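Engineer: Residue numbers (full-length UniProt numbering), protein chains in the order written: chain Y, 1 to 376; chain S, 1 to 376.
A single structure is presented below for examination.
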């Protein structure tokens, strides 16, 4: 099945998609997910760590989500990207006292959907974490009104325990995909489940939708109910997929996941961010994955891989070179989650001929900083 | 509804129970749960931290459960108690890769049930913890055969995610109660849910089943999906209940919960266990509840409260006085859970006239130690 979407007009693109589907031989070419416009670069906005749904029972909680939506709206209007990537921790499931966390997930993608911009999402460690009953509910003013909702996730109807089991990754992803024609997210190959958000998209040439300009790889770095790791099976899946659809490494590849790999620790600036690193905040230590199971070896040995983008550390926004590729942080976009650093989003800009990958950070107040070229 | 059971003959006791139910006026007297035998003390065995269900996919896991069952059988045959108390962490739910953890719970109570001995259970922090996907499943030899069982707890049948959501406390408790006539466990008052295992049992006089010799209070100290605490609401429930059924504090009261309260930290031996403390191992620090919300104040101000019994710390088995009552640890009974200290069980012995509460530890090899009288 083939899709073609850009950021101009979703409806006409659906027609184009149906047309392309009718002329393409299924299986011969990889999926077409986003096409460049002639004479224009292709822009991608990364929204990282939005943390929707925190403390919904307080005045503070919903206000954070309003603020996060405003950040997204401002950045999207400033940048008019062709694609948005939700880089994990879209919601704070361990803080969501309803069985269906998809309601908050849906709020988080709403500003992008409202502008007709396609998007793709990858899971972070908070997205399916089990609800943690707040200690303050046990003292005055006690448990808020939402206690024991009628749809509590209990097999004993009428005797619901206030025990919110959360929403599994698969269900979150299915709901996003099923209800949103603009979603490019995928449930990933079944043999990698419960690691769900593992898939590849391509950005295709303005001249020919069958010519890929870049492959965007999404990998699920776990967390929540799963170890914080990219497994050797995921690494193998990446390698086989890349060898299959890009055997001569002709097409540049860009990789997205939520939790930084251990390689980030090796390149992290000690204090101030100095060349060759580029960024504006370096306020905490890298909180890396639990183990390194082979993905970094594969990436550094593949000349087509240009950069990895991660979120997770709200107080870090740098890019640093690591061997022959770049390791970059996004920028904390949400008012949810720890940290009071000003909110923003990392932008990627791809040009086709010659291929280039540039990046900068766009702040909520419109300021732009930390410009870097990742293909020199 | 009234129950009367002792350890001699469950069937004849069921008849007695039906007879007593027919002659009693419901609501006038508290429930009768266990009756003393004339001329004999009443013995209670505490099984703490059995941790059934750990690593069921390895050779090691099921073997631990076999070993734990042997400990229980040996102690029960040596002591022939009138009641068994399962003092929490009956299972290690964060390690149980099935939706229905009740299967392992049922294994844990099996040795007691097989001997026709009544029991009561209280939850520990591991009993409803969410499954934690083991890191080792992501490397060779990979995920064991149980991957994606057909009854996975997913709303997408046919697309089960290997995401085991665990079994809520309410469901565990309902299954124990519904399937076991010998179970004295209760689901607790609804207004304390999701804190479930809050209830009181009584041990009644051999002369008159309507005269209580001791009240046994069970309190849920949380953990898993809930804070590790005894809330002010639970403390108030205890106080109101005690004032209602024992207004003049005539009847001694004994309290059971899983996680030691912060008061345990105050009385813990610094190194060797010396008088007035009594015990045999003092191998770790007290791992106390997160907060103290009033229960200890209530207990120390009630002259009828004689002692509190907790589990949780596998490397501690002492009793120490705290103001006018005793704070005691049980003894790690299970081969599951951390620690290699020899397994055993704390025994309580109640005499009626005069009332006395004695205790000792019975080891798996039959040895007895740490005898202490808790009513002098």
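Backbone N, C-alpha and C define an ideal beta-carbon position, used for all residues, glycine too.
None of these values were measured; they are calculated from a predicted model.
On the three-pair Cβ rule with 8 Å, is the segment 221 to 238 of chain Y touching the segment 295 to 305 of chain Y?
Structural biologist: Yes, they touch.
Engineer: If you measure beta-carbon to beta-carbon, which residues of the segment 286 to 302 of chain S are closer than 8 Å to chain Y?
Structural biologist: Listed by position along the chain: 290, 291 and 293.
Engineer: Which chain Y residues are close to residue 131 of chain S, counting only those with a beta carbon under 8 Å from its beta carbon?
Structural biologist: Taking the second chain and counting its residues from 1, one reaches residue 131 of chain S at position 131. Under the 8 Å cutoff, chain Y gives 225.
Engineer: What is the rounded straight-line gap between the Cα of residue 129 of chain S and the Cα of residue 134 of chain Y?
Structural biologist: Here residue 129 of chain S refers to the residue found at position 129 of the second chain. Here residue 134 of chain Y refers to the residue found at position 134 of the first chain. Those two C-alpha atoms are separated by around 15 Å.
Engineer: Which chain Y residues sit within Cβ distance under 7 Å of residue 185 of chain S?
Structural biologist: Here residue 185 of chain S corresponds to residue number 185 of the second chain, with the count starting at 1. Neighbours of residue 185 of chain S on chain Y: none; closest Cβ ~15 Å, over 7 Å.
Engineer: Indicate the three-state DSSP secondary structure (helix, strand or coil) for residue 70 of chain S in the structure shown.
Structural biologist: Here residue 70 of chain S refers to the residue found at position 70 of the second chain. DSSP places residue 70 of chain S in helix when its eight states are reduced to three.
Engineer: Mind listing, in chain order, the continuous beta strand (DSSP E) runs of no fewer than 3 residues lying wholly within the segment 77 to 139 of chain S?
Structural biologist: Counting only runs of 3 or more, we get 83 to 86 and 119 to 121.
Engineer: Per DSSP, residue 363 of chain Y is paired with what?
Structural biologist: To locate residue 363 of chain Y, count along the first chain from 1; it is residue 363. Bridge partners of residue 363 of chain Y: Y/344.
Engineer: In chain S, which residues lie with their C-beta within 9 Å of the C-beta of residue 165 of chain Y?
Structural biologist: Residue numbering aside, residue 165 of chain Y sits at position 165 when the first chain is read from its first letter. Within 9 Å Cβ-Cβ: 130, 153, 165, 166, 168 and 225.
Engineer: With 8 Å as the C-beta to C-beta threshold (strictly closer), list the residues of the segment 223 to 254 of chain Y near chain S in chain order.
Structural biologist: If the cut-off is 8 Å between Cβ atoms, the segment 223 to 254 of chain Y has 225, 226, 227, 229, 231, 232 and 233 near chain S.
Engineer: Is the CB-CB distance between residue 97 of chain S and residue 131 of chain S below 8 Å?
Structural biologist: If you number the second chain from 1, residue 97 of chain S lands on position 97. If you number the second chain from 1, residue 131 of chain S lands on position 131. Closer than 8 Å, so yes.
Engineer: Could you please give the first and the last residue of the uninterrupted alpha helix (DSSP H) stretch that includes residue 204 of chain S?
Structural biologist: On the second chain, residue 204 of chain S is found 204 positions in, with the first residue counted as 1. That residue, residue 204 of chain S, is in no alpha helix (DSSP H); its beta strand (DSSP E) goes 199 to 204.
Engineer: Quick one: any contact between the segment 309 to 319 of chain Y and the segment 249 to 267 of chain Y, if contact means 3 or more CB pairs under 8 Å?
Structural biologist: Because the criterion of three Cβ pairs below 8 Å is met, the segment 309 to 319 of chain Y and the segment 249 to 267 of chain Y touch.
Engineer: Check distances from the C-beta atoms of the segment 46 to 57 of chain Y to those of chain S and list, in chain order, the residues that come in under 7 Å.
Structural biologist: So the list is empty, because no residue satisfies the distance condition.
Engineer: Is it the case that the Cβ atoms of residue 93 of chain Y and residue 188 of chain Y are separated by a distance below 8 Å?
Structural biologist: Position 93 of the first chain, counting from 1, holds the residue named residue 93 of chain Y. Position 188 of the first chain, counting from 1, holds the residue named residue 188 of chain Y. No.
Engineer: Please report the Cβ distance between residue 293 of chain S and residue 229 of chain S, rounded to the nearest whole angstrom; I am assuming they are in contact, meaning their Cβ atoms lie under 8 Å.
Structural biologist: Along the second chain, read from residue 1 onward, the residue named residue 293 of chain S stands at position 293. Along the second chain, read from residue 1 onward, the residue named residue 229 of chain S stands at position 229. Right, the Cβ-Cβ distance comes to about 6 Å (below 8 Å), so this counts as a contact.
Engineer: Just mark residue 63 of chain Y as buried or exposed, buried being the case when its beta carbon has 16 or more other beta carbons within 10 Å.
Structural biologist: Taking the first residue of the first chain as position 1, residue 63 of chain Y is located at position 63. Residue 63 of chain Y is exposed by the Cβ-count criterion.
Engineer: Could you name the residues of chain S that residue 102 of chain Y contacts, counting a contact when the two beta carbons are closer than 7 Å?
Structural biologist: Here residue 102 of chain Y corresponds to residue number 102 of the first chain, with the count starting at 1. Under the 7 Å cutoff, chain S gives no residues; its nearest Cβ is about 11 Å from residue 102 of chain Y.
Engineer: Counting only Cβ pairs nearer than 9 Å, list the residues of chain S close to residue 139 of chain Y.
Structural biologist: Against the first chain, residue 139 of chain Y aligns to sequence position 139. Under the 9 Å cutoff, chain S gives 231, 232, 291 and 293.
Engineer: Tell me whether the segment 262 to 271 of chain S and the segment 209 to 227 of chain S touch, counting them as touching only if at least three CB pairs, one residue from each stretch, are closer than 8 Å.
Structural biologist: No, because fewer than three Cβ pairs between the segment 262 to 271 of chain S and the segment 209 to 227 of chain S fall closer than 8 Å, the two stretches do not touch.
Engineer: Which partner residues does residue 183 of chain Y have in the DSSP bridge list?
Structural biologist: Taking the first residue of the first chain as position 1, residue 183 of chain Y is located at position 183. Looking at the DSSP assignment, residue 183 of chain Y forms a beta bridge with Y/119.
Engineer: Using a Cβ-Cβ cutoff of less than 8 Å, which residues in the same chain neighbour residue 266 of chain Y once the five nearest sequence positions on both sides are dropped?
Structural biologist: The residue you call residue 266 of chain Y lines up with position 266 of the first chain. The residues are 322.
Engineer: For residue 135 of chain Y, decide whether its Cβ has a neighbour in chain S, counting only Cβ atoms nearer than 8 Å.
Structural biologist: Along the first chain, read from residue 1 onward, the residue named residue 135 of chain Y stands at position 135. Closer than 8 Å to some Cβ of chain S, the Cβ of residue 135 of chain Y qualifies, so yes.
Engineer: Going by DSSP, what residue range makes up the beta strand (DSSP E) through residue 218 of chain Y?
Structural biologist: In the first chain, the residue the question calls residue 218 of chain Y occupies position 218. Where residue 218 of chain Y is concerned, the enclosing beta strand (DSSP E) stretches over 212 to 218.
Engineer: In the DSSP assignment, the alpha helix (DSSP H) including residue 238 of chain Y goes from what residue to what residue?
Structural biologist: In the first chain, the residue the question calls residue 238 of chain Y occupies position 238. Segment 232 to 245, the alpha helix (DSSP H) holding residue 238 of chain Y.
Engineer: Would you give the residue range spanned by the beta strand (DSSP E) that residue 273 of chain S belongs to?
Structural biologist: Locating residue 273 of chain S in the second chain gives position 273, counting from the first residue. First-last for residue 273 of chain S: undefined, no H or E at that position.
Engineer: With 16 other CB atoms within 10 Å as the buried threshold, where does residue 338 of chain Y fall?
Structural biologist: Counting from 1 along the first chain, the entry for residue 338 of chain Y is found at position 338. Flag for residue 338 of chain Y reads exposed.
Engineer: Out of Y/289, Y/285 and Y/318, point me to the one whose CA is closest to residue 273 of chain Y's CA.
Structural biologist: Reading the first chain from its first residue, position 273 is the one you call residue 273 of chain Y. Per the Cα distances, Y/318.
Engineer: Is it right to say residue 186 of chain S is buried, meaning 16 or more other beta carbons lie within 10 angstroms of its own, or is it exposed?
Structural biologist: By 1-based counting over the second chain, the position of residue 186 of chain S is 186. Looking at its Cβ environment, which holds 16 or more other Cβ atoms inside 10 Å, residue 186 of chain S is buried.
Engineer: So what does DSSP say about residue 54 of chain S, is it helix, strand or coil?
Structural biologist: Here residue 54 of chain S refers to the residue found at position 54 of the second chain. The answer is coil: DSSP assigns residue 54 of chain S none of H, G, I, E or B.
Engineer: Within its chain, find whatever has a CB closer than 7 Å to the CB of residue 139 of chain Y; leave out the 5 residues flanking it on each side and keep chain order.
Structural biologist: Looking up residue 139 of chain Y in the first chain gives position 139. If we look at residue 139 of chain Y and ignore the five residues flanking it on each side, it has no Cβ neighbours.
Engineer: For residue 256 of chain S, list the residues DSSP reports as bridge partners.
Structural biologist: In the second chain, the residue the question calls residue 256 of chain S occupies position 256. S/218 and S/309, per the DSSP bridge assignment.
Engineer: Ignore the nearest five residues each way along the sequence and tell me which others in residue 324 of chain S's own chain have a CB closer than 8 Å to its CB.
Structural biologist: As a first step, residue 324 of chain S is located in the second chain; it is residue number 324 there, counting from the start. Hits under 8 Å: 300 and 303.
Engineer: Look at the alpha carbon of residue 95 of chain Y and the alpha carbon of residue 58 of chain S, and state the distance between them as a whole number of angstroms.
Structural biologist: Here the question's residue 95 of chain Y lines up with position 95 in the first chain. Here the question's residue 58 of chain S lines up with position 58 in the second chain. Cα to Cα, residue 95 of chain Y sits roughly 34 Å from residue 58 of chain S.
Engineer: Roughly how far, in whole angstroms, is the beta-carbon of residue 81 of chain Y from the beta-carbon of residue 184 of chain Y, given that I think they are within contact range, below 8 Å?
Structural biologist: Working through the first chain from its first residue, we reach residue 81 of chain Y at position 81. Working through the first chain from its first residue, we reach residue 184 of chain Y at position 184. Incorrect: roughly 13 Å between the Cβ atoms, too far for contact.
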